[in-house]
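*Asks:*
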Amino acid sequence: MVGVSFDSNAENKAFKEKFDFPYDLLTDGDKVASTAFGVSTSDKGNASRISVLIAPGGMVAKAYATVTPAEHPDQVLADLANLV
5 MVGVSFDSNA ENKAFKEKFD FPYDLLTDGD KVASTAFGVS TSDKGNASRI SVLIAPGGMV
65 AKAYATVTPA EHPDQVLADL ANLV
């Protein structure tokens, strides 16, 4: 699991440390990955706060437009188990 944002590496590092995230935050400053997975909105160039489950072959298996943080990890793990 990774997080992706348009923020710089330094900003992501500070954010990760501040909130003690157990996963890496990657920088997508040129917005290529976010655009490819449909996360970047074209009119403003901002990222939507969504989750994307990527199947082992690299294709999007499921996109979660809205999430409930307390329930989302279990939801993604269940969907991941259904992929195999």
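Numbered by this note's numbering, the letters in the sequence shown go through residues 5 to 88 in order. All C-beta atoms in this analysis are idealised placements derived from N, C-alpha and C, irrespective of residue type, glycine included. It should be emphasised that the depicted structure is a prediction, and the values quoted were computed from it without experimental measurement.
1) By the DSSP assignment, the alpha helix (DSSP H) with Ala37 in it spans what residues?
2) Count the other CB atoms within 10 Å of the CB of Ser38; is the residue buried (16 or more) or exposed (fewer)?
3) Consult DSSP for Asp24 and reduce its assignment to one of helix, strand or coil.
4) Go ahead and label Asn86 buried or exposed: buried means 16 or more other beta carbons lie within 10 angstroms of its beta carbon, across all protein chains shown.
5) Could you check if Val43 is buried or exposed, using at least 16 other CB atoms within 10 Å of its CB as the buried criterion?
6) So, with DSSP's three-state summary, where would you put Val80?
*Replies:* According to the structure data:
1) Numbered from 1 along the sequence shown, position 33 holds the residue referred to as residue 37. Counting along the chain, the alpha helix (DSSP H) containing Ala37 begins and ends at Val36 to Ala40.
2) Start at 1 with the first residue of the sequence shown, and residue 38 comes out as number 34. Classification for Ser38: buried.
3) Here residue 24 is taken as the residue at index 20 of the sequence shown, counted from 1. Of the three classes helix, strand and coil, the one that applies to Asp24 here is coil, per DSSP.
4) Position 82 of the sequence shown, counting from 1, holds the residue named residue 86. Answer is exposed; the Cβ neighbour count stays below 16.
5) In the sequence shown, the residue the question calls residue 43 occupies position 39. Buried, by the Cβ-count rule.
6) By one-based count along the sequence shown, residue 80 stands at place 76. Val80: helix per DSSP, three-state reduction.
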